[in-house]
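Taken in order, these protein sequences are the chains called A and B. Just so you know, we're using the numbering used here here: the first sequence kicks off at 9 and counts up by one. Just so you know, we're using the numbering used here here: the second sequence kicks off at 14 and counts up by one. Notes follow once the structure below has been shown.
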Amino acid sequence: MSQQTSVYPSTSIPAARSNVIDGLRRYGWLIFAVVALMIGYLIVWQRGMYYDDYWYRIGPIDPLSQIRTGARLLGSLSGTILLKLMPDNELLLRVILAALVAVNAALLGWLIERLIGSRLAAVSVGLLYLFPVYGSEAALFSTAAAQYLPMGISALLTTHAIVTAFRYQGRAWLWLTLSVIGLAATFNFVEQGAALVFVIPFLALITAVQHPEIPRRTLILRMMVIIFASGIALAGFYVVFYTNNEGVTMMRGSIDLDLAAILQRADQAYFQVFLYFSFLTSSGQNIFQSLIAFSLALPLVYGAVIVLLVSAGFMVIGWTHRSLTGDRTRVAAGLMALTGLIWFWATLLFPSVLAESAALSWRLAYLPTAGLLLMLAGLIALIQSVFRYQWIDRLILTITSMIVIVLIVTMIGLERVYQARNALDNRQFETLVDAVPPALMRNDAALVPLTIDESMVPDYPVLNDLRVGLFDTTVTAINKLRETYGWQEWGVILAYGTPQGAAQFGCTTRELIANGQVCMIGMTDTSPEQVVVDTERIIAFTYRESILFGVASLVFIIDDARVVISLPRVETLRARGVPVLEQLEWSIPVP
Amino acid sequence: MSITRKLIILIITCGLCGAMLAYAQDDSAAQVFELTDISVIAPTGALERASIEVTNRSTTRANGVIWYYLAPVGSTEPWLAARYTSTEQSIELGAGETTTLTFDAPGLGLIGTYDLSFWAHYVDPVTGARNHSDGQGYAMPIVIEPPGAFVLTPLRDIDTDHAITRGDARTFESQRLKMTDVHIMQIEGRIASVQVDVLNVTDTPVDGFVWYILAPPDSEQPWTQIQYIAPEQRIVQLAPNERTTYTFIGGDMMPAGRYALWVYTSAILDAATGERGEGDGVAETIVFGQALQTAITAAEVVTNDDGTAAMRVRARVDNFSGDSLIVGMFYTIAPPNMPSPWRSAVFNAPIRYVQVGAGESVDVAWDDALDLPAGTHAVTLWMFQVDDGALILRDRAETMITR
């Protein structure tokens with residue numbers, strides 16, 4: 009009996025395997041980046057709305073009013089357009105925002121490649137810029153992301169345009185014009201983009217080092233054209249939109265050019281705050297440890313980390329070494345490190361540090377992070393040019409990918425904080441709406457939230473301070489109330505500045521109380537102001553122990569005397585079966 | 014009367030009757046939604062959810078709102094007497110369509126036994142005006158109580174350390190023995206140990222005693238109001254400037270409450286007569302029993318100026334813990350020795366919530382219109398801690414009143 013055997017033609021298998029390996033070699037970093045992006049931003053994509061999201065989703069924002077009353081025309085437009093996707097198309101919004109993050113990372117990497125020709129530095133830094141933990145608001149807080157990510161794109165495209173303008177052979181008017189328009193546009197997304205003007209001379213220096221064939225005179229001339237033209241454009245914007253702008257003055261204060269005051273603000277409002285949250289302090293370490301622990305409390309994250317480790321392994325193993333040589337490259341790398349440092353400080357501090365009410369919000373750290381990463385890219389290129397071994401490349405990539413994985417875990421922790429904040433906001437709001445039917449929430453009501461419990465992550469208390477609550481941001485609550493109760497006109501007063509409650513009744517006097525009134529800082533629609541309210545109109549409430557309580561009476565301590573004020577409208581809530589706390593006590597400072 | 018005139022009168026009469034009938038039939042709002050079949054889900058005897066079947070009896074699609082009231086048992090006008098009004102649910106039903114709506118039990122606003130009634134309003138699609146459509150009551154009284162609320166779980170501070178450091182300097186001129194440090198340790202509300210460091214502040218050896226007493230917390234002369242006295246420990250020939258530690262282990266469990274623990278030391282001035290010098294005393298407030306306690310301070314039936322009767326109850330809640338807490342309190346009046354008096358109560362008072370700061374006490378008052386039937390009644394006060402959306406029964410107190 010003969011035995012028949014057949015051999016399946018296998019010649020294509022090694023070829024296919026070879027193609028896959030070749031693909032991994034070329035695009036291993038890209039695969040890692042895509043996997044990282046999806047895991048980092050889409051595992052916890054259901055985070056709902058937060059803070060200004062309600063304003064941009066619901067608020068009456070129109071471009072004309074932006075032009076008339078404030079700046080950030082482009083930022084408001086992008087914010088309004090993207091926030092319309094909430095809450096029905098949240099996944100689409102998250103995908104778009106993740107894509108914008110990726111575009112920024114790609115533009116930063118490409119800039120590094122163009123400036124010093126280091127693919128290793130470009131890929132490493134690009135990967136790190138996918139997860140800007142310090143500037144996380146710019147990626148995770150929808151309203152901020154909808155403005156700061158396009159601003160980042162505008163800033164980085166402008167930087168590319170400037171570099172092209174410097175290198176362009178022949179008349180570079182188009183690129184010069186695009187550079188100036190780009191700077192103005194970046195400023196119009198978010199003001200800090202204007203600080204890139206400080207970086208222009210350093211970009212010119214790097215170009216001069218890398219391209220000695222470009223005449224110095226041409227470079228200087230083009231640099232001056234961009235600086236002066238964009239300076240005039242930015243000054244024009246400032247004069248037209250910012251001077252005498254009550255909204256901006258209310259939020260940021262007036263411009264204060266006193267050098268000592270500027271330095272003090274730079275130190276206290278930025279450097280100290282940055283330090284507080286950094287790994288260098290116990291507070292920062294505590295926050296990051298809690299974020300990582302909170303993230304790892306989600307079992308899915310362990311699986312994600314394994315997937316990331318595998319794809320990072322492919323990237324590192326498949327990486328092809330390419331040497332950086334030449335003194336010019338080293339000088340350019342050093343200059344880029346310096347440029348990054350200037351970029352970081354300039355965009356972190358300016359122009360906010362010039363305003364009296366300077367404050368660091370974490371979205372403001374997004375563009376400066378690109379500066380820090382430019383500095384890092386310069387250092388990587390320097391190392392690469394000195395130690396020309398493949399294992400150095402792989403070591404740097406390994407370290408980078410490990411840092412990226414830690415950053416992803418941290419970002420997921422932050423995303424869970426946003427998620428927890430949204431859940432608590434919803435619980436607080438739903439209990440209020442359940443307790444106060446539309447018939448009671450009449451247009452003459454004065455809503456007074458009192459010492460709301462904002463504990464959203466009980467197991468990690470340090471994280472509770474990272475995000476602000478619905479009733480801590482009056483304009484947010486107003487917009488949510490307006491949508492829920494279907495008001496066209498806003499007549500309800502909402503007490504402002506609720507967390508500790510001590511200051512909000514500070515303007516109350518014995519005479520007012522005798523007249524059945526109190527004075528509080530309240531908000532009717534736009535800006536907070538002192539309002540005198542009949543106590544009959546007040547619906548005071550608090551949210552504690554996961555329950556909304558009406559507050560039946562307020563006790564003011566004035567001149568050591570206790571004055572009890574009953575709130576009849578809250579008694580109506582009690583009659584409906586709403587839990588009512590008998591009284592809460594405030595001490596009013598005697599002037 | 015001509016036949017024509019009769020016909021005219023007949024036609025007019027019929028027309029009037031028809032119009033009246035049509036008017037009677039046209040009570041469109043009243044006829045739109047019909048409420049039937051109330052279902053109550055109460056696996057533990059207390060309401061968890063209730064559902065109602067709603068049918069659109071009109072010939073067109075209609076909008077409306079449905080809600081329920083909980084009113085005292087026997088209320089004939091529950092919309093006036095309601096102690097709880099649920100959140101409204103909106104409905105939109107086609108002609109002849111039926112749907113079932115489910116409502117949750119009320120939150121923490123009330124406890125007790127109530128009549129349940131559902132109500133439907135038809136909403137006019139043009140004007141938005143609401144008109145009464147139907148009402149339906151449940152046949153049996155409904156028990157309302159938060160899940161697990163009546164399991165007594167006292168709040169205890171498991172371990173409490175009290176440390177008093179006083180320095181070495183004499184407290185008074187003729188002093189021979191000085192207490193420099195006192196350390197009181199309580200475990201589960203009991204005194205585990207009292208350690209007293211005594212220093213001889215003279216140049217000669219000193220004999221003496223050290224002891225402690227428990228007295229009311231605000232007593233100015235505690236030695237006249239001793240509630241407990243620990244066995245004295247003898248100090249024998251304590252050398253000049255020498256310090257020795259005396260330890261009292263354990264102690265009687267006292268009735269729950271706040272006490273002043275006074276520690277004393279006194280030198281023996283004359284060994285022959287046993288005459289003692291002036292004592293050096295130091296006090297610390299300590300708490301026996303649970304950290305959250307309540308007591309009825311007054312419970313009586315009073316007659317108002319208008320001759321109506323009212324129930325006057327006063328209570329106090331003491332928070333001996335280190336945290337500010339929110340507590341809810343209510344009282345029931347029921348026949349004595351009822352196992353679940355809030356379910357068989359003659360009266361359940363409305364629940365009152367107060368915030369009690371760490372170490373503070375708060376008084377709570379009720380003045381409820383109530384004509385109590387003759388006989389002996391148990392007034393039971395219930396005190397709950399509000400903890401993460403739940404009520405935890407921390408303490409109860411009871412007193413009898415006879416009418």
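Heads up, the beta-carbon is just placed ideally off N, CA and C, and yes, glycines get one too. This one's a predicted model, so the numbers in the text were calculated from it and none came from an experiment.
| task | Using 10 angstroms around the beta-carbon of B:Y225, count the other beta-carbons present and answer buried if the total reaches 16, otherwise exposed. | result | buried
| said: Quick check on the burial criterion: 16 or more other C-beta atoms within 10 angstroms. Buried or exposed for B:I65? | reply: buried
| Short CB-CB distance (under 8 Å) between A:G342 and chain B | no
| query | Rounded to whole angstroms, how far is the Cβ of B:R271 from the Cβ of B:V300, which I believe are closer than 8 Å? | reply | 5 Å
| field | Any C-beta of chain A under 8 Å from that of B:I339 | value | yes
| query | Applying a beta-carbon distance threshold of less than 9 Å, which residues of chain B neighbour A:E590? | reply | R365, Y366, V367, Q368, V375 and V377
| Going by other Cβ atoms of all chains shown within 10 Å of its Cβ, with 16 needed for buried, is B:D293 buried or exposed? | buried
| Residue span of the beta strand (DSSP E) that contains B:A296, given as start and end | D293 to F301
| Got a sec, what are the start and stop residues for the alpha helix (DSSP H) A:D433 sits in? | Q398 to A443
| message | Cutting at 7 Å between CB atoms, please list the residues of its own chain near A:I263, excluding the five before and the five after it. | response | L362 and A363
| Neighbour list for A:P587 in chain B, Cβ cutoff strictly below 7 Å | G120, L121, G122 and Y366
| Just checking, does the segment 147-159 of chain A make contact with the segment 120-134 of chain A on the three C-beta pairs under 8 Å criterion? | no
| task | Tell whether a beta-carbon distance below 8 Å holds between B:R416 and B:G372. | result | no
| Nearest-angstrom Cα separation, counted from B:V392 out to B:E411 | 6 Å
| Looking at the structure shown, is A:Y59 part of a helix, part of a strand, or coil, going by DSSP? | coil
| task | With a 10 Å radius around its C-beta and 16 neighbouring C-beta atoms as the bar for buried, classify A:W594 as buried or exposed. | result | buried
| With respect to the alpha helix (DSSP H) encompassing A:R230, which residues constitute its N-terminal and C-terminal limits? | R224 to F245
| query | Excluding the five sequence neighbours on either side, which residues of its own chain have a C-beta within less than 7 Å of the C-beta of A:T601, listed in chain order? | reply | Any property of residue 601 of chain A remains undetermined from this structure, which presents chain A solely from 9 to 599.
| query | Is the shortest distance between the beta-carbon of B:V399 and the beta-carbons of chain A less than 8 Å? | reply | yes
| task | Run down chain B in chain order and give the residues with a C-beta less than 7 Å from the C-beta of A:S554. | result | D401 and G402
| message | I'd like to know whether the C-beta of A:D433 is nearer than 8 Å to at least one C-beta of chain B. | response | no
| request: Return the CA-CA distance between B:L338 and A:S298, expressed in angstroms with no decimal places. | output: 27 Å
| Which first and last residues belong to the alpha helix (DSSP H) in which B:F46 is found? | Run containing B:F46: none in the alpha helix (DSSP H); it sits in the beta strand (DSSP E), F46 to I54.
| query | If the cut is a Cβ gap below 7 Å, which residues of chain A does B:L93 touch? | reply | Here the premise fails: no neighbours, minimum Cβ distance about 10 Å.
| message | Going by C-alpha to C-alpha distance, which of A:V52, A:I566, A:E579 and A:L45 sits closest to A:P307? | response | A:V52
| said: If you follow the beta strand (DSSP E) that B:P85 is in, where does it begin and where does it stop? | reply: A75 to P85
| query | Is B:I239 buried or exposed, if buried means 16 or more other CB atoms sit within 10 Å of its CB? | reply | exposed
| task | Give a yes or no on contact between the segment 150-161 of chain B and the segment 245-259 of chain B, applying the rule of three or more CB pairs nearer than 8 Å. | result | no
| Near A:L101, which residues of its chain fall below 7 Å by C-beta distance, leaving aside the five closest residues on each side in sequence? | L90, L93, M94 and S150
| said: Per DSSP, what are the beta-bridge partners of B:T389 in this structure? | reply: B:T415
| request: Spatial neighbours of A:R65 within its chain, please: CB distance less than 6 Å, with the 5 preceding and 5 following residues excluded, ordered by chain position. | output: L91 and M94
| message | I'd like the ranges of any alpha helix (DSSP H) spanning at least 4 consecutive residues and lying wholly in the segment 247-304 of chain A. | response | 254-260, 267-273, 280-285 and 290-304
| Just reading off the beta strand (DSSP E) that B:L251 is part of, what are its end residues? | Q246 to L251
| Any C-beta of chain A under 8 Å from that of B:Y225 | no
| field | Cβ shell of B:M351 (< 6 Å), same chain only, five flanking positions each side left out | value | S357
| message | Following a CB-centred definition, is B:E105 positioned closer than 7 Å to any heavy atom of the ligand COA? | response | For the structure depicted, the ligand COA is absent and the ligand set is empty, with no information on it obtainable.
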